[in-house]
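Numbering (my numbering), first residue to last: 132 to 425.
Where a beta carbon is used, it is the ideal one built from N, C-alpha and C, also for glycine.
Quick notes on the structure that follows.
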Amino acid sequence: MALAFTPLHPLFVAEMSGLDLREPMSRDTIAEIDAAMDRHAVLVIRDQPLTPEQQLAFTRQFGPLDIGFARVGAKRKGSTRTPGYMANMTNLGEDGKVVERDNGRILGNIANQLWHSDSSFQQPAAKYSMLYSVTNPSWGGETEFADMRAAYDSLDDRTKAEVEGLVSEHWALHSRFMLGDTDYTQEAIDAIPPVEWPVVRTHPGSGRKLLFIGVHARRILGMSLPEGRKLLMDLLEHATAPRHVYRHDWRVGDLVIWDNRATLHRGRRFDLSEPRQLRRTTTLDAAEPLEQVA
Ligand code: OGA
Ligand code: MN
């Protein structure tokens with residue numbers, strides 16, 4: 132069956148149908164999905180029964196996998212996490228019950244509610260994230276996506292000229308410290324140095340310019356801290372204006388794939404005492420895996 136793409140938003144996002152994600156794909160199919168990602172930046176695929184292993188196998192066909200924040204979270208004091216390629220975006224503990232409010236998982240859930248691009252705090256960063264819905268709360272818990280190409284295009288000319296050539300510093304713990312989560316050893320902090328990214332990037336697949344920002348960006352090089360932070364805040368506000376945003380209302384069995392190089396995303400608030408469970412797999416924006424992952 133041929134793939135079909137139905138737009139879900141005037142700027143980006145399409146629903147993809149005609150594929151059973153459990154089946155291995157031909158090179159042509161992978162190329163077709165890559166081309167659709169370059170164009171739409173977010174793809175929604177409904178009604179996919181997927182085991183964690185099947186999700187990993189599907190994801191691997193698009194490149195080496197990313198461990199992402201688990202690498203950092205495992206260094207939080209008291210953490211017993213083993214970083215792996217499957218990220219459980221959940222408020223459920225190992226016993227299947229909702230964890231206490233002071234559990235590290237809750238912090239992760241809340242940090243995900245800030246606009247970000249996955250793994251922008253490392254180089255290489257994330258390319259595609261694939262999030263699969265297992266359990267949804269009765270209210271809230273949607274995921275929103277913002278189109279950073281449209282965000283760039285709609286800047287006024289003066290601002291475009293101002294941001295051209297700027298470089299920002301992204302740090303894995305910036306959002307955590309902002310939320311009051313400072314319980315990391317000095318060793319952990321030293322092990323996660325910030326990385327630098329241009330504020331304006333050109334997408335390799337679409338050739339479109341875009342804003343590469345989000346909550347991991349903590350300063351702009353060559354600018355005072357307050358001036359740089361306020362500029363980043365203003366850009367983020369512009370970039371995530373409602374006209375640039377698609378809100379995904381999860382149904383169990385949905386898989387949503389987004390390009391972290393073209394979009395920002397955030398989870399929406401929900402009742403933290405109700406179960407919410409999503410599984411994420413992620414590819415690295417690189418041909419080869421990261422050497423040092425743990
Ligand atoms: C993620 C993420 C948001 C959400 O999985 O990378 O940010 O809605 N999730 O859970
Ligand atoms: Mn994320």
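Could you pull out every residue in the same chain whose Cβ sits closer than 7 Å to the Cβ of residue i, ignoring the five residues on either side in sequence?
i: Gly-235; result: Gly-204, Arg-207 and Ser-210
i: Pro-183; result: Met-217 and Arg-410
In terms of alpha-carbon separation, which member of the options lies closest to residue i?
i: Ala-281; options: Thr-137, Pro-420, Ala-172 and Asp-151; result: Ala-172
i: Arg-349; options: Arg-360, Leu-341 and Phe-343; result: Arg-360
i: Asp-233; options: Gly-338, Asp-165, Ala-145 and Gly-311; result: Gly-311
i: Ala-292; options: His-301, Pro-325, Met-168 and Val-331; result: Val-331
i: Pro-255; options: Trp-328, Leu-286 and Asp-169; result: Trp-328
i: Leu-363; options: Pro-180, Arg-170, Arg-158 and Glu-300; result: Glu-300
i: Arg-153; options: Gln-408, His-305, Ala-188 and Ser-285; result: Ala-188
i: Leu-367; options: Asp-169, Asp-385 and Ala-277; result: Ala-277
i: His-305; options: Trp-246, Ala-162 and Ser-355; result: Trp-246
Give the C-beta separation of residue i and residue j to the nearest angstrom, bearing in mind that I take them to be a contact with Cβ-Cβ under 8 Å.
i: Ser-248; j: Asn-391; result: 4 Å
i: Thr-137; j: Ser-260; result: Not confirmed; about 21 Å, so no contact.
i: Gln-186; j: Met-156; result: No, Gln-186 and Met-156 are not in contact; Cβ-Cβ is about 14 Å, not under 8 Å.
i: Tyr-345; j: Leu-395; result: Reading the sequence as shown, one finds Gly at residue 345 and not Tyr. Indeed, because the Cβ distance is near 5 Å, the residues count as touching under 8 Å.
i: Ile-237; j: Leu-403; result: 6 Å
i: Ala-303; j: Phe-252; result: 4 Å
Can you list, in chain order, the residues of its chain whose CB lies under 6 Å from that of residue i, leaving out five sequence neighbours each side?
i: Glu-275; result: Val-376, Arg-378 and Arg-397
i: Ala-257; result: Asp-197, Asp-249, Ser-250, Asn-391 and Thr-413
i: Ile-388; result: Leu-174, Tyr-259 and Met-261
Verify the CB distance criterion: does residue i have a CB-CB separation below 9 Å to chain B?
i: Arg-374; result: Going by chain labels, chain B is absent from the structure shown, which holds only one protein chain.
Output the boundary residues of the alpha helix (DSSP H) element that contains residue i.
i: Phe-308; result: 305-309
i: Thr-213; result: Neither: Thr-213 is in no alpha helix (DSSP H) and is coded neither H nor E.
i: Met-156; result: No alpha helix (DSSP H) contains Met-156, which DSSP labels as neither H nor E.
i: Ser-204; result: What sits at residue 204 in the sequence shown is Gly, not Ser. Element bounds for Gly-204: 201-204.
Provide the residue span of the beta strand (DSSP E) that contains residue i, from first to last.
i: Tyr-259; result: 257-266
Does the distance from the C-beta atom of residue i to that of residue j stay below 9 Å?
i: Ala-319; j: Phe-143; result: no
i: Leu-415; j: Leu-352; result: no
i: Thr-266; j: Gln-408; result: yes
i: Val-229; j: Glu-405; result: yes
If you drop the 5 nearest sequence neighbours on each side, which residues of the same chain put their C-beta closer than 8 Å to that of residue i?
i: Pro-420; result: Pro-195 and Leu-196
i: Arg-399; result: Gln-244, Gly-271, Gly-272, Glu-273, Thr-274, Glu-275 and Arg-378
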